[in-house]
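Visitor:
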Amino acid sequence: MKRMQYERPVIQRLNVGVMNKFGKRTEYAPVTHIDGNSVKELLQKYGSPLFVISEKTIRQTLRDANRAFKTRYPKVQFAWSYKTNYVNAVCNVFHQEGSWAEVVSGFEYSKALHNGVPGNKIIFNGPDKAEAELKLAIENNSLIHIDHLDELYLIKELAINAKKRPKVAIRVNMDTGVYPMWDRFGFNYENGQAWDAINKIMLNDTMDLVGLHSHIGTFMLAPSAYGVAASKLSELALSIKKKYKKNIEYIDMGGGFASRNTLKGSYLQGADSSPSFDQFAEAITTAILNAGFVENELPLLILETGRALIDDAGSLLGTVISNKRLADGRRATIMDFGVNVLFTSFWYDHKVSPAQEFSQYTEDAVLYGPLCMNIDVIRENITLPPLKRDDNVVVHMVGAYNMTQWMQFISLRPAIVMIDMDEKAHIIRNRETLNSIQGDEVVPKYLKEFKL
Amino acid sequence: MKIKRNIALSDSGFVFDPSSGDSFSTNPIGLEIIKMLKEGKATQEIKASIVKEYMIDEVSFEKDLYDFVEMLGKLKLTEDAEKKKD
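Chains A and B are the protein sequences, given in the same order.
Under the working numbering, think of the first position of the first sequence as 24, with each following residue one higher.
Under the working numbering, think of the first position of the second sequence as 847, with each following residue one higher.
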C-alpha cells in the first residue's frame with residue numbers, strides 16, 4: 024500500500040468574531056521557486072540560510088520609479104544609496120541602469136570608485152568625512168554634501184591648498200510636518216542656519232555651490248512631507264538666484280521612501296499602507312514645478328532612494344531547526360537564521376512563506392532564530408502551516424539594509440546569490456569561513472600556548 | 847491518556863466540546879489520532895497505525911504525538927485535564 028503524505032497533527036480553538044493577537048490570516052501559499060529557481064535546489068547548492076537577489080525585480084522596480092518621476096519632471100537622476108545594499112553586484116545593476124552612487128563614508132566612497140563610478144557621479148554625504156577622504160573627493164570632482172560648519176571650513180582650507188574649486192551642496196533639515204523631525208544632519212531651514220551656511224559658501228568664493236540636499240526621514244508614509252521639503256529647497260534655490268544671480272544645478276531629495284514591508288505595530292499591511300512611487304513623484308515634482316523657476320533653469324532632481332528600490336528584490340531562504348511548545352502552549356519554531364542575519368526583523372513583521380506544499384491547516388507560532396540569545400525573535404506572532412524539521416521557508420522583501428547591517432555574531436554570515444535576467448543563479452558573495460573572521464586577528468606570542 | 851467521551855467529531859475535522867461550548871479545528875491526522883484515542887487505543891497502537899499509513903518514521907511521529915496530546919490537555923479535551931481542573 025502506498026503511504027500518504029504526512030503532516031504534523033495540529034488542533035486550534037476556533038474563536039468566532041474575535042480577532043486574536045496573531046491578526047488576520049496571513050498569506051502562506053507556498054513559494055517553491057524564485058525567478059524560476061527551485062528554493063530547495065538553491066539551498067542544497069549554496070547552503071542554508073541563503074540570501075537571494077532578483078536582478079529582474081531590481082531593474083523593474085528602478086524602471087517603475089524612473090517612469091513615475093520622468094513622466095512628471097524633465098530632469099531626473101537616481102543615485103544608488105550604497106548603505107542600503109553595497110554588495111558590488113547589486114550596486115552595478117543600479118549603475119547599469121544609469122544610477123550614480125550616493126555614499127556616506129570613505130569606505131563606501133572607495134567601493135563606488137572600485138565599481139568604476141566616475142568621481143563626478145559620486146555624491147558624498149554624511150557627517151563623518153575624514154580629511155584624506157575629502158581631499159580625494161575634491162580631486163575627483165565629486166559632489167560633496169556638507170553636513171556641518173567644521174566640514175565647511177575644512178573643505179575651504181583643502182580647496183585653497185589644492186587650488187581647486189570643490190563642487191558642494193549643503194544638507195538642509197527642516198520641519199515638514201512629520202514626527203520625528205530629523206534635525207541632526209545638515210543645517211536647519213527654519214532657524215536660518217541653512218541660509219547662513221549658503222552665505223558663507225557664496226561669499227567666500229572658494230567652492231561651487233551646485234546643489235541643495237535634504238533627507239527628511241526614513242520609511243516615510245506621507246508623500247506630502249516631501250512636497251513641503253521640495254518647496255523649502257526650491258525657495259532657498261530661488262533666494263540664491265535672487266541674491267547671487269546663481270542657478271542651483273540640482274535639488275537632491277534624498278531617500279526615505281517606504282517599501283512594502285509591514286512595520287511592527289502597523290494596523291495595515293505595508294502593501295496597503297505604503298505610498299507608490301507615483302504618489303511621491305507627484306508631491307515632489309508638483310512642488311518644484313510650482314515654485315517659480317524659469318523653464319530652462321529648472322534644477323536637476325536627484326533621488327537617493329534605497330529601501331523602496333531594493334527591498335522587494337531580496338529574499339532570505341532558511342530551514343527549520345526544530346519545533347517546540349512554550350510553557351503557555353504556544354508553538355515555537357526555531358529557524359536557522361536569526362536577527363544577526365535578518366536585522367530588519369527588529370523593525371518589520373516580515374512576510375514568511377513555506378517553501379513546500381501544505382494543506383490548509385495552520386498554527387499560530389513564534390518564529391525564533393538559532394542564536395543562544397533571548398532577543399533572537401524573527402516574528403513574535405505568525406500563522407503558518409505545520410512546519411517540521413528540515414522544512415524550508417522564504418522570507419520576503421529583505422533586500423534593504425540586511426546585507427549591510429548584518430552582524431557576524433555567534434555564527435558566520437550566509438552566501439548571497441543573484442538570479443539574472445535569464446533566471447540563472449550566480450554567487451555574488453561567498454558564505455563566510457572561519458578565516459573571514461580570524462584572518463585579521465593577532466594573538467600575542469605569549470598567549471599562543473596553554474595547558475588545561 | 848483518555849479523551850473526554852462526550853467530544854463530538856465531524857469528518858471534516860471540526861471538534862466540539864459540549865461541556866465547555868468550545869469548538870476546535872484539526873487536520874486529518876489530528877482527527878485520526880483523536881478518533882483512536884476516543885476508541886481507547888494505546889499510544890503504541892496509534893503509532894503503529896499512523897506509521898503504516900503515512901510517510902513518517904516512528905521516532906519523528908512519536909515527538910509530534912506527544913506534542914499533540916499535550917495540546918489536547920491544554921485545550922481541556924482530555925479526562926486528565928478535566929480532573930486537574932476539578
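No residue lacks a Cβ here, since even glycine has one placed at the ideal position from N, Cα and C.
Under 8 angstroms between C-beta atoms, does I405/A make it to chain B?
Guide: With 8 angstroms as the cut-off, I405/A does not count as an interface residue toward chain B.
Visitor: Can the beta-carbon of I193/A be found less than 8 angstroms from the beta-carbon of H236/A?
Guide: yes
Visitor: Provide the residue span of the beta strand (DSSP E) that contains I183/A, from first to last.
Guide: Where I183/A is concerned, there is no enclosing beta strand (DSSP E), although the alpha helix (DSSP H) it sits in stretches over 172-185.
Visitor: Buried or exposed, going by whether 16 or more other CB atoms sit within 10 Å of the CB of R436/A?
Guide: buried
Visitor: Which class does H118/A belong to by DSSP, given the choice of helix, strand or coil?
Guide: helix
Visitor: So with Cβ pairs under 8 angstroms, would you call T872/B a contact of chain A?
Guide: Cβ-Cβ to chain A under 8 angstroms: yes for T872/B.
Visitor: Can you tell which of T427/A, V465/A, E120/A, S459/A has its C-alpha closest to the C-alpha of K106/A?
Guide: Of the candidates T427/A, V465/A, E120/A, S459/A, the one whose C-alpha sits nearest the C-alpha of K106/A is T427/A.
Visitor: Report buried or exposed for Q28/A, applying the criterion of at least 16 other Cβ atoms within 10 angstroms of its Cβ.
Guide: exposed
Visitor: Just checking: is the beta-carbon of E891/B within a distance shorter than 8 angstroms of some beta-carbon in chain A?
Guide: no
Visitor: Tell me which same chain residues have a C-beta within less than 7 angstroms of the C-beta of I183/A, skipping the five on either side of it?
Guide: T229
Visitor: Just checking: is the beta-carbon of Q379/A within a distance shorter than 8 angstroms of some beta-carbon in chain B?
Guide: no
Visitor: May I ask which residues mark the beginning and end of the beta strand (DSSP E) holding I145/A?
Guide: 145-147
Visitor: For a contact meaning CB atoms closer than 7 angstroms, what does V33/A contact in chain B?
Guide: T872, N873, G876
Visitor: At the level of alpha carbons, what is the spacing between I401/A and S345/A?
Guide: 14 angstroms
Visitor: Which residues in the same chain have their Cβ closer than 6 angstroms to the Cβ of E327/A, if we skip the five residues on either side of it in sequence?
Guide: A102, S104, E125, G277, G278
Visitor: Rounded to a whole number of angstroms, what is the C-alpha to C-alpha distance between L332/A and L177/A?
Guide: 34 angstroms
Visitor: Assuming T199/A contacts A260/A (C-beta within less than 8 angstroms), just tell me the rounded distance between them.
Guide: The Cβ separation is near 17 angstroms, so there is no contact.
Visitor: Quick one: which residues of the region 350-365 of chain A get their C-beta closer than 8 angstroms to a C-beta of chain B? List them in chain order.
Guide: G352
Visitor: Using DSSP with H/G/I as helix, E/B as strand and the rest coil, what is N196/A?
Guide: strand
Visitor: Give the DSSP-derived three-state secondary structure of E403/A in the structure shown.
Guide: strand
Visitor: Please report the distance separating the alpha-carbon of G250/A from that of W218/A.
Guide: Distance between the alpha carbons of G250/A and W218/A: 20 angstroms.
Visitor: For the candidate residues I146/A, N115/A, P141/A, whose alpha-carbon lies nearest to that of S128/A?
Guide: I146/A
Visitor: Quick check on E916/B - is its C-beta less than 8 angstroms from some C-beta in chain A?
Guide: yes
Visitor: Using a Cβ cut-off of 7 angstroms, pull out every chain B residue sitting near Y273/A, in sequence order please.
Guide: Simply none; closest approach about 59 angstroms.
Visitor: Quick one: any contact between the region 849-868 of chain B and the region 462-473 of chain A, if contact means 3 or more CB pairs under 8 angstroms?
Guide: no
Visitor: For a contact defined as C-beta to C-beta under 8 angstroms, what are the partners of S382/A on chain B?
Guide: N873, P874
Visitor: Indicate whether the contact test is met: 3 or more Cβ pairs, each with one atom in the region 367-376 of chain A and one in the region 417-426 of chain A, closer than 8 angstroms.
Guide: yes
Visitor: So which residues on chain B does L390/A lean against when the C-beta distance must stay under 9 angstroms?
Guide: Within 9 angstroms Cβ-Cβ: nothing; L390/A doesn't reach chain B, min ~17 angstroms.
Visitor: When the cut-off is 8 angstroms and only beta carbons count, does M901/B lie next to chain A?
Guide: yes
Visitor: Spell out whether any CB of chain A is found under 8 angstroms from the CB atom of A855/B.
Guide: The question names Ala, yet the displayed sequence has Leu at residue 855/B. Not one chain A Cβ lies under 8 angstroms of L855/B.
Visitor: By the criterion of Cβ-Cβ separation under 7 angstroms, what are the contact partners of L410/A in chain B?
Guide: None at all; the shortest Cβ gap to chain B is about 12 angstroms.
Visitor: Should L37/A be flagged as near chain B, meaning a C-beta pair shorter than 8 angstroms?
Guide: yes
Visitor: Which value, in whole angstroms, describes the spacing of the CA atoms of V110/A and G59/A?
Guide: CA-CA distance, V110/A to G59/A, rounds to 23 angstroms.
Visitor: Using alpha carbons as the reference points, say which of N363/A, M243/A, D231/A, D445/A lies closest to I271/A.
Guide: Among N363/A, M243/A, D231/A, D445/A, the Cα nearest to that of I271/A belongs to D231/A.
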